[in-house]
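Report on one structure; see the data block that follows.
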Amino acid sequence: MTLPEHVAIIMDGNGRWAQKRMLPRLAGHRAGMKRMIALADHIFSCDIRCLTIFALSTENLGRPREELEGLFDLFREYFTEYAAKLGKGGVSLRVIGDLSLVPEDVARLAKESERETAGHDRFLLLAIGYGGRRDIVRAANAVVASGCALTEDSLASALSTGGMPALDLLIRTGKEQRLSNFLLFEAAYAELVFSEKLFPDFTDKDFDRALRGYAGRDRRFGKIHSDQPCKR
Ligand code: FPP
């Protein structure tokens, strides 16, 4: 089966999962985090080299203070209790996004986790304070400031996903069918899978189904197959 090298997940639907159970939204985020920790283990066990998770967008930072404080607590917990396990499992954690937008101690813990898990050839990219447009503008400015020509390749390398395999498969849970400012440049030729399930209900088997769907896709990258000659 053809496997993707780089998978990205938009973990949408935590809030609705909690509301359906008459629980506070944060209970949904906690369930989402736990599910993501287990799912990431499963994904790396499937021989996938790079996983990017959309955990907090620049737009999400406009949510009510109470929800944001709860999310920052979950990030603190993730970095202190789970990140080291990634390193032990041969996965390097990298945080993509603008860490100046989150509390200083969260940014510090993120950097510590990056250092602790460095040096492996499999990657978990955690997007926090991330916006696709913002990342493109930052990367373009960095290329221009370096004096290099601004090309598709130089821009791709300067993005926060620079050096990672091309994005092959993007999965969004929670019914909505949009990118919501995630990996805008990188998703140009990614295969998209939208799941109706709310993220905490998205199982390893659902992921396996998405992988089988991906393997069956005809990826032509805008070209045609060579066994289909164009007769005039
Ligand atoms: C989307 O659901 C989820 C978020 C905006 C936050 C996700 C982040 C975490 C759970 C923090 C920790 C996670 C990791 C992996 C370290 P939503 O709130 O938009 O759901 P809704 O559309 O049902 O309201």
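Its first residue numbered 709, the sequence shown is counted upward by one per residue in this note's numbering.
Note that CB positions come from ideal geometry on N, CA and C, so glycine has one too.
**Message:** Suppose the cutoff is 8 Å on Cβ atoms and the five residues either side in sequence are ignored; what does the same chain contact list for Arg784 look like?
**Reply:** Asp813, Val814 and Leu817
**Message:** For Leu877, count the other beta carbons within 10 Å of its own beta carbon; 16 or more makes it buried, fewer makes it exposed. Which is it?
**Reply:** buried
**Prompt:** Nearest-angstrom Cα distance between Arg773 and Leu867?
**Reply:** One Cα belongs to Arg773, the other to Leu867, and the distance between them is close to 29 Å.
**Asked** What is the C-beta distance between Thr825 and Leu794, in whole angstroms, given that I count them as a contact (C-beta under 8 Å)?
**Response** 5 Å
**Prompt:** DSSP puts Ile751 in a beta bridge; with which residues?
**Reply:** BP columns for Ile751 are empty, so no partner.
**Asked** Is Asn722 buried or exposed, if buried means 16 or more other CB atoms sit within 10 Å of its CB?
**Response** buried
**Item:** 8 Å Cβ shell around Gly797 - same chain, five flanking residues per side excluded
**Value:** Asp749 and Phe752
**7 Å Cβ cutoff met for Asp720 and Thr881** = yes
**Item:** Integer Cβ distance of Thr869 from Leu809, believed to fall under 8 Å
**Value:** At roughly 18 Å, the Cβ-Cβ gap does not stay under 8 Å, so Thr869 and Leu809 are not in contact.
**Request:** Return the chain-ordered list of same chain residues with a C-beta closer than 6 Å to the C-beta of Glu899, the five sequence neighbours on each side being excluded.
**Result:** Leu877, Tyr922 and Arg925
**Item:** Cβ neighbours of Leu734 in the same chain (closer than 6 Å, five flanking residues each side left out)
**Value:** Gly778
**Message:** I'd like to check one pair, Ile879 with Ala763: are the Cβ atoms closer than 7 Å?
**Reply:** no
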